[in-house]
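Undergrad: Numbering (mature numbering (1 follows the signal peptide of the UniProt record, and there is no 0)), first residue to last: -19 to -1, 1 to 93.
C-beta: ideal position from N, C-alpha, C; glycine also.
The structure presented is a predicted model; accordingly, all values stated were derived computationally and were not measured.
I am attaching a structure below and will ask some questions about it afterwards.
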């Protein structure tokens, strides 16, 4: 009986600890909005002294309600961008599985 109880407790702790694991952690960067191109949203960001362009494939609907990124109104504006990375698996023309990293904007905050 004691062994079953200990096993149940260990299983409970294991389940709880795995429940907090999230492989798609949110990240935040500061970037300047460059515009929309081919249904993707482009931001210029500087990290570790290097400037690069980040392309976001998806944007949360609530963000688009707040900031209409499909217009030119916000081009050149600086935002704090909260996003998540995920992996999409698709099939290429030869039937092989390919993986692609996808960035989704979860929140934007206009910096003043």
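#1: Measure the alpha-carbon distance for residue 2 versus residue 58 and round it to whole angstroms.
#2: Counting Cβ pairs, one atom from each stretch, are 3 or more of them under 8 Å apart for the region 23 to 35 and the region 44 to 56?
#3: Considering just the uninterrupted stretch of the beta strand (DSSP E) at residue 45, what are its terminal residues?
#4: Decide if residue 89 is buried, meaning its Cβ has at least 16 other Cβ atoms within 10 Å, or exposed.
#5: Alpha carbon to alpha carbon, what distance is there between residue 23 and residue 35?
#6: Near residue 68, which residues of its chain fall below 8 Å by C-beta distance, leaving aside the five closest residues on each side in sequence?
#7: Give me, in chain order, the residues of the same chain whose beta-carbon lies closer than 7 Å to that of residue 55; leave out the 5 immediate sequence neighbours on both sides.
#8: On a Cα-Cα basis, can you pick out the residue from 78, 87, 19 that is closest to residue 8?
#9: Among 16, 78, 85, which residue has its Cα nearest to the Cα of residue 70?
#10: Among 76, 53, 62, which has the Cα closest to the Cα of residue 40?
TA: Checking against the coordinates, here is how it stands:
#1: With a pLDDT of only 45 at residue 2, under 50, the local geometry of the prediction cannot be trusted, and the value read off the model is given with reservation. About 34 Å.
#2: no
#3: Looking at the DSSP string, residue 45 is not in any beta strand (DSSP E); the run it does join, the alpha helix (DSSP H), is 42 to 47.
#4: buried
#5: 6 Å
#6: These residues qualify, in order along the chain: 80, 81, 82, 83.
#7: So the list reads 14, 48, once near-sequence residues are dropped.
#8: With respect to the C-alpha of residue 8, the residue from 78, 87, 19 having the closest C-alpha is 87.
#9: 78
#10: 62
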